[in-house]
Amino acid sequence: MKILITGGGGMLGQKLIAGLAKVGSLNGKKIESITVVDAYKQSQALDGFDFKITSKIVDITDRKECDAMIAEKPDVIFHLAAIVSGEAESDFEKGYRVNVDGMRNLFDAIRLHSDQYCPRVVFTSSVAVYGGPYLDVADDNFILQPTTSYGVQKAIGELLLNDYSRRGFLDGVGLRIPTLCVRPGLPNSAASGVFSNIIREPLMGIEATLTAGKDASMIFTSPRSAVGFLIHAAQIDTALLGARRSLMMPGIYATLGDEIDALRRVAGDKIVGFIKEEIDPFVQEMLTSWNFPRFEAKRARSLGFTCEDSFDELIKTHIADELGGQIPGLTK
Ligand SMILES: NC(=O)c1ccc[n+]([C@@H]2O[C@H](COP(=O)([O-])OP(=O)(O)OC[C@H]3O[C@@H](n4cnc5c(N)ncnc54)[C@H](O)[C@@H]3O)[C@@H](O)[C@H]2O)c1
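Position 243 of the sequence shown, counted from 1, bears residue number 324 in our numbering, the numbering being contiguous throughout.
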């Protein structure tokens with residue numbers, strides 16, 4: 082089995098490689114090779130796997146480059162390449178070029194392949210396809226009403242996925258992935274960064290700023306669960322999806338206040354003491370405009386997609402996966 086990961090140099094792509102190494106096969110077929118393509122980042126993960134990994138610099142906005150990577154006929158394609166939320170909002174042209182035109186390039190390279198060919202394509206959509214006003218609890222029938230360019234681009238991607246699947250060009254599964262938390266790495270300037278910053282930095286014994294009111298809410302999943310979603314999506318029976326190829330993934334609803342309470346339960350008062358409150362009106366406004374509700378992801382759960390049960394567990398997952406089971410901040 083040959084696998085292609087677009088945008089594979091990014092955070093989720095790198096974790097996906099490790100996840101695929103753990104499972105070793107998909108639907109009983111051994112993974113023989115993974116090709117990781119990314120416009121900007123070479124894959125860090127290359128050695129120590131049971132399969133061959135090739136890392137290539139490929140820009141999906143170039144149709145010829147898409148043809149070349151599809152010429153190798155990967156059996157499963159994880160399409161992760163994207164311009165993410167903040168940049169898609171600040172650079173309108175680039176967001177549409179990569180998130181919409183790039184996706185069509187990839188899909189047309191598959192459609193126009195000279196052999197009969199219908200790969201499984203797993204597409205990372207986002208909860209950004211939704212927008213308010215919300216119901217108290219949203220469900221799988223909640224309408225798509227994105228309020229950002231990124232959300233619109235992901236919603237267009239979902240429609241393309243439906244149509245190319247309906248026409249038999251590919252076998253698509255779209256995953257509306259909740260905000261990843263705790264996002265590893267350095268704090269970033271995205272407005273949603275605060276949701277991860279106030280957990281990740283205090284656990285390290287570093288001060289973090291609470292830039293919005295405690296009632297701002299979001300729906301979350303861990304990077305570990307997101308990798309689980311991707312691997313599961315590569316293996317499900319897509320006949321069960323009908324014409325609706327995209328699914329809202331399970332997640333944990335929490336406000337910033339809920340996050341701080343969970344951090345206190347898991348790591349104690351000393352760690353919570355590293356959070357300083359300093360409201361940033363811009364962040365406050367962005368977060369208030371999102372205020373994501375609880376979401377019953379019944380369709381996905383019935384198909385076997387699972388995630389952590391609580392925000393406490395989500396913090397514990399971060400401590401296990403990123404901090405070697407220790408809380409460095411306790412000794413500072
Ligand atoms: N991180 C989250 O909270 C979250 C939530 C929901 C969905 N997603 C989606 O999951 C996917 C992966 O997210 P991530 O957090 O790893 O983001 P990331 O920014 O770390 O990875 C995206 C990768 O795409 C690459 N890329 C950008 N333009 C490209 C192009 N023209 N050609 C080829 N590669 C290109 C980037 O270099 C980057 O490495 C994205 O599609 C994102 O929209 C992420």
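The beta carbon of each residue, even a glycine, is placed where N, CA and C say it ideally should be.
Excluding the 5 residues flanking it on each side, Gly385 has same chain C-beta neighbours closer than 8 Å at His313, Ile317, in chain order. Going by C-alpha positions, Phe173 is about 45 Å away from Thr412. Going by C-alpha positions, Glu146 is about 15 Å away from Ile158. Rounded to whole angstroms, the separation of the alpha carbons of Gly129 and Pro283 is 33 Å. The nearest non-hydrogen atom of ligand 1 is 8 Å or more from the C-beta of Leu85. Contact between the stretch 274–288 and the stretch 336–352 is present: three or more C-beta pairs spanning the two stretches fall below 8 Å.
In terms of Cβ geometry, Leu251 and Cys199 form a close pair [threshold 9 Å]. A Cβ-Cβ contact shorter than 9 Å links Val181 with Ile237. Residue pairing for Gly253: DSSP places it in a beta bridge opposite Val202. C-alpha of Gly89 to C-alpha of Val347: approximately 32 Å in a straight line. Contact annotation: Leu107 and Ala315 have beta-carbon atoms nearer than 9 Å. Within the DSSP bridge table, the entry for Ser195 names no partner. Under the three-state reduction of DSSP, Arg326 is assigned to coil, being neither helix nor strand.
Listed in chain order, the beta strand (DSSP E) runs fully inside the stretch 222–295 are 252–258, 289–291, counting runs of at least 3 residues. Annotation for Phe159: the continuous beta strand (DSSP E) segment containing it runs 157–160.
In terms of side-chain proximity, the C-beta atom of Pro268 is found no nearer than 8 Å to any non-hydrogen atom of ligand 1. Straight-line spacing of the CA atoms in Met367 and Gly406 works out to 34 Å.
Taken through DSSP and simplified to helix, strand or coil, Val165 comes out as coil.
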